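Novice: Numbering (our numbering), first residue to last: 56 to 336. Dumping the structure here so I can ask a few things about it.
Here it is as structure tokens:
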């Protein structure tokens, strides 16, 4: 194979390894805030976003990258690469995959667009596994097949930090919001086949946490995983507590790391959102 460029969007969390990788390119989501436009991770950070949210006059919204922005990025890579692999947030959560696919038809360089069916660090994990497949002499078709297979092995559970923000952003209807607020319900959200699904409805965050940790404990006891990813909004104060709680039953060979969700996800979920993801063997 020739030289490959990897493209993803700003809902992915790039760790130090990938953020310094010369062949990775990130296309930012757009954040609309008080009649101003920001590029996720470029002109606004999570800290800045949540600070502004406290005094916001309007409801912040997100928008997927335009077809034109993808065309511009893909075209800029034509002289330096032979092929592009473009891995993005679940198309059931965003129109980013659609924009990328349409852009791929308008450029001269071959582009393989892959729906990760996930977001944030688990998507980054899939990209890393795809890179390993290329290093092992795999093709872009092999990478797409691998990522599709691995995405089906991911389990992801989240406790939404702010039902109000989820409602204001349009991801929860008014009836659900008022019912959840009155009953003080903390829904446990699961990502299944790239879509959000309510796994449990409990009356407190402690109970929601117990539910999620229970699912994880079952997977650990059945020797189903090697890595655990704690996902959080802005407030990472709970991640240490969660790590200690998980380590009580997770053997030392299982790594436990915490990763932020970022601005685009924070718009919908809130700064106190926290969850767990892992990949089953």
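C-beta: ideal position from N, C-alpha, C; glycine also. Quick caveat: nothing in here was measured; it's all calculated off a predicted structure.
Go ahead and label residue 119 buried or exposed: buried means 16 or more other beta carbons lie within 10 angstroms of its beta carbon, across all protein chains shown.
Specialist: Buried: at least 16 other Cβ atoms inside 10 Å.
Novice: How is residue 113 classed by DSSP in three states: helix, strand or coil?
Specialist: In the structure shown, residue 113 sits in coil (DSSP, three-state: anything other than H, G, I, E or B).
Novice: Name, in chain order, the residues that DSSP records as bridge partners for residue 120.
Specialist: DSSP output for residue 120 lists no bridge partner at all.
Novice: With a Cβ-Cβ cutoff of 8 Å, do residue 298 and residue 309 count as a contact?
Specialist: No.
Novice: Does DSSP put residue 178 in a helix, a strand or coil?
Specialist: Three-state DSSP puts residue 178 in a helix.
Novice: Given residue 246, which residues of its chain have a CB within under 7 Å of its CB, disregarding the five upstream and five downstream residues?
Specialist: Hits under 7 Å: 173 and 211.
Novice: On the three-pair Cβ rule with 8 Å, is the stretch 61-80 touching the stretch 176-185?
Specialist: As far as the Cβ criterion goes, the stretch 61-80 touches the stretch 176-185, which means the pair count is three or higher.
Novice: Kindly list the residues whose CB is nearer than 6 Å to the CB of residue 93, restricted to its own chain and excluding five residues on each side of it in sequence; keep chain order.
Specialist: If we look at residue 93 and ignore the five residues flanking it on each side, its Cβ neighbours are 86 and 99.
Novice: In whole angstroms, give me the CA-to-CA distance for residue 60 and residue 171.
Specialist: For residue 60 and residue 171, the distance between alpha carbons rounds to 17 Å.
Novice: Quick one: residues in its chain with C-beta nearer than 6 Å to the C-beta of residue 149, no 5 flanking neighbours on either side, listed in chain order?
Specialist: Same-chain partners within the cutoff: 119.
Novice: To the nearest angstrom, how far is the alpha carbon of residue 47 from that of residue 288?
Specialist: Since the displayed the chain opens at 56 and closes at 336, residue 47 lies outside it and no answer follows.
Novice: For a quick check, are the C-beta atoms of residue 253 and residue 330 less than 8 Å apart?
Specialist: It is not a contact, given that the beta carbons lie outside the stated cut-off.
Novice: Drop a sphere of 10 angstroms on the beta-carbon of residue 296, count the other beta-carbons inside from all chains shown, and report buried for 16 or more, exposed for fewer.
Specialist: Residue 296 should be labelled exposed.
Novice: Looking at residue 126: is its Cβ nearer than 8 Å to the Cβ of residue 162?
Specialist: Against a cut-off of 8 Å, the Cβ pair of residue 162 and residue 126 comes out as a contact.
Novice: Let's see if you can read the secondary structure: which residues bound the beta strand (DSSP E) around residue 242?
Specialist: From DSSP, the beta strand (DSSP E) with residue 242 extends over 241-247.
Novice: Return the CA-CA distance between residue 226 and residue 271, expressed in angstroms with no decimal places.
Specialist: Here residue 226 scores only 45 on pLDDT, less than 50, and its place in the model is too uncertain to base an answer on.
Novice: Note down the Cα distance separating residue 284 from residue 301, rounded to an integer number of angstroms.
Specialist: Roughly 11 Å between the two C-alpha positions.
Novice: Quick check on the DSSP output: what are the complete beta strand (DSSP E) runs of length 3 or more inside the stretch 73-159, in order along the chain?
Specialist: Counting whole runs of 3 or more residues, the stretch 73-159 contains the beta strand (DSSP E) stretches 79-82, 85-88, 91-94, 116-118 and 138-143.
Novice: Since residue 205 is in the alpha helix (DSSP H), which residue starts that stretch and which ends it?
Specialist: Run containing residue 205: 195-206, per the alpha helix (DSSP H) assignment.
Novice: Quick check: the stretch 181-194 against the stretch 202-211, are there 3 or more CB pairs under 8 Å?
Specialist: Taking 8 Å as the limit for Cβ pairs, the verdict is that the stretch 202-211 does touch the stretch 181-194.
Novice: Relative to the C-alpha of residue 106, which candidate in 332, 318, 335 and 260 has its C-alpha closest?
Specialist: With distances taken between Cα atoms, residue 106 lies closest to 318.
Novice: Applying the criterion that 16 or more other CB atoms from any shown protein chain within 10 Å of the CB defines a buried residue, is residue 101 buried or exposed?
Specialist: Burial call: buried.
Novice: Could you give the uninterrupted runs of the beta strand (DSSP E) lying entirely in the stretch 270-319, keeping only those of 3 residues or more?
Specialist: Runs found: 282-287 and 310-315.
Novice: In chain order, what residues of the same chain have a beta carbon less than 8 Å from the beta carbon of residue 263, not counting five sequence neighbours either side?
Specialist: Cβ within range, chain order: 214, 241, 242, 243, 255 and 257.
Novice: Tell whether a beta-carbon distance below 8 Å holds between residue 280 and residue 314.
Specialist: No; because the gap between Cβ atoms is not below 8 Å, this pair is not in contact.
Novice: Give me the Cα-Cα distance between residue 133 and residue 164, rounded to the nearest whole angstrom.
Specialist: If I take the Cα positions, the gap works out to 6 Å.
Novice: Write down the C-beta distance between residue 122 and residue 142 rounded to the nearest angstrom, noting that I regard them as a contact closer than 8 Å.
Specialist: With a Cβ gap of about 17 Å, residue 122 and residue 142 do not count as contacting.
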